[in-house]
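For the sequence shown, the positions run 13 to 403 when the working numbering is used.
Glycine included, every Cβ here is placed at the ideal spot set by N, Cα and C.
To keep things clear, I will list the structure first and then write my remarks on it.
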Amino acid sequence: MGLLLPACLPVSYPPEPVPASQARPIVQGTDAPGDAAAVALVARRTRCGGEPPVLLCSGALIAPDVVLTAAHCLSVFGAEGPYEVFLGPTLLPEPAAGGRFVRVTRAVAHPAHVPATHAYDAALLRLATPVNGLPPFRLPEATGTPVAVGSSVRAVGYGDTKDAARPPGQRRQGQLQVTGVAPASFQAGPAPGMSCVGDSGGPVLGTPEGDPGTEVLWGLTVSGDVACRSEAVQVRVDALEDFLRPFLEAGPPPAGPAPLALDALCQEACATDAECPAGLLCVAAGDAPARCLLPALQAGTFGAACSEDAACGAQGVCARLEVEGDAACRCFTPCEAAVDPPTPGDGPPDSGGGCAQAPGALGGMGGVLLGLLRRQSRPRTSRCRSRDDSA
13 MGLLLPACLP
23 VSYPPEPVPA
33 SQARPIVQGT
43 DAPGDAAAVA
53 LVARRTRCGG
63 EPPVLLCSGA
73 LIAPDVVLTA
83 AHCLSVFGAE
93 GPYEVFLGPT
103 LLPEPAAGGR
113 FVRVTRAVAH
123 PAHVPATHAY
133 DAALLRLATP
143 VNGLPPFRLP
153 EATGTPVAVG
163 SSVRAVGYGD
173 TKDAARPPGQ
183 RRQGQLQVTG
193 VAPASFQAGP
203 APGMSCVGDS
213 GGPVLGTPEG
223 DPGTEVLWGL
233 TVSGDVACRS
243 EAVQVRVDAL
253 EDFLRPFLEA
263 GPPPAGPAPL
273 ALDALCQEAC
283 ATDAECPAGL
293 LCVAAGDAPA
303 RCLLPALQAG
313 TFGAACSEDA
323 ACGAQGVCAR
333 LEVEGDAACR
343 CFTPCEAAVD
353 PPTPGDGPPD
363 SGGGCAQAPG
373 ALGGMGGVLL
383 GLLRRQSRPR
393 TSRCRSRDDS
403 A
C-alpha cells in the first residue's frame, strides 16, 4: 500500500524488477473503500484547466471540521500555506466522481515538534466547511488500553504502492505489527503491509483490548525506512491530548467583517487574510500595497463563471476561486498586463523574439511557492526529510 512518510512533496519510485511468480506489490495492501474519514492533503488548486491535484500527505478526520495530519506535511508552504483536503477513494490520476474537496482555513503544528527526530510530528487543520454525515475516527481514551508490542494495526493512506500498476493517489490500507513502543511514538513492521511515501499523517488504527468491534486512532504515520520494507514510525495519538483538546473545544473563529468585493481587489488593499474573499491570501510584493490573491496568480479581479481559459479574454484565465460549486471557477483578470521586458536585439513580442507571459503561467506548484515567498517579511527556510535519513 502507499502511505506518505517524511516527504514534503509527492515522490515516485521506479518499479523494482521481480520474478513473474512474485509479481506482487512490495508494499502490500488493498483498497480501503470503508475508510471515508481518511483524507488526502493537497495543495490548493488554482486553475480550472484539468491539472491533476498535487498530493502532499494523508490525514485523519477527527471532528466534522478538523483533520489531524503530520507537522512535516506543512514544511513546504508553512502553516499559512494554501491547502485543501480531499475525501474520496481516488484522488489521482484524477478525482473520482463523488469525491469532495474542502478548503483548509487554519493549520497549526504541534509546538513540541522536532523535525530532525519526528518527535510530536503532528498538525491540526481547520476546515472551511464541516463534513457532516461522516463519522470521524475515534480518538483513544485517556484510561483506555495503550498500544502494545505485538498489537496488529491497520494503516490507511494515499501514498506510493511501489507498484507501477497501482499509482499513488488511491486510498489503500495495510496490516502492520507493532514492534516497539515509546512514550510518544511506536514502531511497526510489515504484516504484510507497509506505509510508504505519501502516507505521512495518515491514520494507523488498532482495536483496544476488550472492545473488538471498534477501531481507535492509535497513531499517525510519520517516518520509515527508505525502501518501505521494514519499519514504519508512528506518533501516538494518546500522547497528543493536550494538543488536540484545546483546538477541538475552541471551534472555528467567529465570523469577521465582510470581505473585500471580488471586482474591487485591484483598488482595495488588504492588511490580513481575513479581509480577503474565498480564502484568498493577503500578499505584499515589494513596496506595493498588499492585495488579495491566489498564490499562483498575480493580483487581479474575478468576474463571470467559466469552464476554460478561452472564455476569459486575451489577458484572462479561468481560475478556481472556490473549492467546489457551479461558480467555483471564475474569469480572472490581472490588475496589470504581465509581459516580460524585451531584451536588446530581440524582435517584437509577436515575432518569436520576445516572451509574453500570460497570467498564472507559472506552474501550479512553482506559482504557489512564489506567492508564499512574497508574503514573508523575511526569508523562511524549510527542509524536507527523506525516508533514508528519517528517525
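Determine which residues share a DSSP beta bridge with Glu96 and list them. Looking at the DSSP assignment, Glu96 forms a beta bridge with Val54 and Arg115.
Please list, in chain order, all residues of the same chain as Thr81 whose beta carbon is under 6 Å from its beta carbon, the five residues on each side excluded. Cβ within range, chain order: Leu53, Cys69, Gly71, Ala135 and Gly213.
Can you list, in chain order, the stretches of the alpha helix (DSSP H) that have 4 or more residues and sit fully within the stretch 249-289? Within the stretch 249-289, the complete alpha helix (DSSP H) segments at least 4 residues long are 253-262, listed from N- to C-terminus.
Buried versus exposed call for Asp47 [16 or more other C-beta atoms within 10 Å across all chains shown]: Buried, because 16 or more other Cβ atoms sit within 10 Å of the Cβ of Asp47.
To the nearest angstrom, how far is the alpha carbon of Leu99 from that of Asp299? If I take the Cα positions, the gap works out to 40 Å.
Can you tell me whether DSSP reads Ala317 as helix, strand or coil? Strand at Ala317.
Hey, is Ala176 close to the ligand FAD, as in C-beta under 7 Å from one of its heavy atoms? This structure does not include the ligand FAD; it has no bound ligands of any sort.
Take Gly357 and list the residues in its own chain whose beta-carbon comes closer than 6 Å to its own, dropping the five residues that flank it on each side. Below a pLDDT of 50, predicted positions are generally treated as unreliable, and Gly357, at 49, falls in that range; no measurement from the model is reported.
Using the C-alpha atoms, what's the distance from Val51 back to Arg257? If you take the alpha carbons of Arg257 and Val51, they lie about 21 Å apart.
Given Ala273 as reference, the closest of Gly315, Phe259 and Glu243 once Cα atoms are compared: Of the listed residues, the one whose Cα sits closest to Ala273 is Gly315.
Sequence-distant residues of the same chain with beta carbon closer than 6 Å to Ala311, five excluded per side: The beta carbon of Ala311 lies closer than 6 Å to those of Arg303, Leu305 and Cys347 in the same chain, with the five residues before and after it left out.
Simplified DSSP assignment, three categories, for Ala91: Here Ala91 sits in coil by DSSP.
What is the C-beta distance between Val114 and Val143, in whole angstroms, given that I count them as a contact (C-beta under 8 Å)? Correct: roughly 7 Å between the Cβ atoms.
Considering only the beta carbon of each residue, do Asp211 and Ala167 sit closer than 8 Å? Contact: yes.
Backbone secondary structure at Cys324 - three-state DSSP: Annotated three-state conformation of Cys324 is helix, per DSSP.
Nearest-angstrom Cα distance between His130 and Val97? Their Cα atoms are separated by approximately 22 Å.
What three-state label does DSSP hand Ala340 in the structure shown? Reduced to three states, the DSSP call for Ala340 is coil.
Report back the beta-carbon spacing between Pro264 and Pro289 to the nearest angstrom; my notes put them in contact at under 8 Å. At roughly 17 Å, the Cβ-Cβ gap does not stay under 8 Å, so Pro264 and Pro289 are not in contact.
Whole-number beta carbon distance between Val209 and Leu4, since they are thought to touch under 8 Å: The chain is shown only over 13 to 403; residue 4 falls outside these bounds and no answer can be derived.
Of the listed residues Arg150, Ala44, Gly93 and Gly169, nearest to Val249 (C-alpha basis): Comparing Cα-Cα distances from Val249 to each of Arg150, Ala44, Gly93 and Gly169, the minimum goes to Arg150.
Tell me, please, whether the stretch 198-209 touches the stretch 227-245 by the rule of three or more beta-carbon pairs shorter than 8 Å. Judged by Cβ distances under 8 Å, the stretch 198-209 makes contact with the stretch 227-245, as three or more pairs qualify.
Along the chain, where does the beta strand (DSSP E) containing Pro215 start, and where does it finish? Counting along the chain, Pro215 sits inside the beta strand (DSSP E) bounded by residues Pro215 to Gly218.
Start and end of the beta strand (DSSP E) containing Leu68? Note, Leu68: beta strand (DSSP E), Leu67 to Ala75.
Can you tell me which of the three DSSP states Gly291 falls into? In the structure shown, Gly291 sits in a helix (DSSP, three-state: H, G or I).
Quick check on DSSP: helix, strand or coil for Cys330? In the structure shown, Cys330 sits in a strand (DSSP, three-state: E or B).
Between the CA atoms of Gly328 and Glu320 - distance to the nearest angstrom: The straight-line gap from Cα to Cα measures roughly 10 Å.
With a CB to CB cut of under 6 Å and the five nearest residues on each side skipped, what residues in its chain are close to Ala124? Cβ neighbours of Ala124 beyond the five flanking positions: Tyr132.
Please report how far the alpha carbon of Pro152 lies from the alpha carbon of Ala267, in whole angstroms. A straight line joining the alpha-carbon of Pro152 with that of Ala267 spans about 32 Å.
Throw me the rounded Cβ distance for the Ala317 and Cys341 pair, which I believe falls under 8 Å. Confirmed, about 6 Å.
Can you tell me whether Asp87 is buried or exposed? The criterion is at least 16 other CB atoms within 10 Å of its CB, across all chains shown. The question names Asp, yet the displayed sequence has Ser at residue 87. Burial check for Ser87: the Cβ neighbour count within 10 Å reaches 16 or more, so the residue is buried.
Nearest-angstrom beta carbon gap, Ala91 and Ala121 [assumed within contact, 8 Å]: About 6 Å separates the beta carbons of Ala121 and Ala91, which is inside the 8 Å limit, making them a contact pair.
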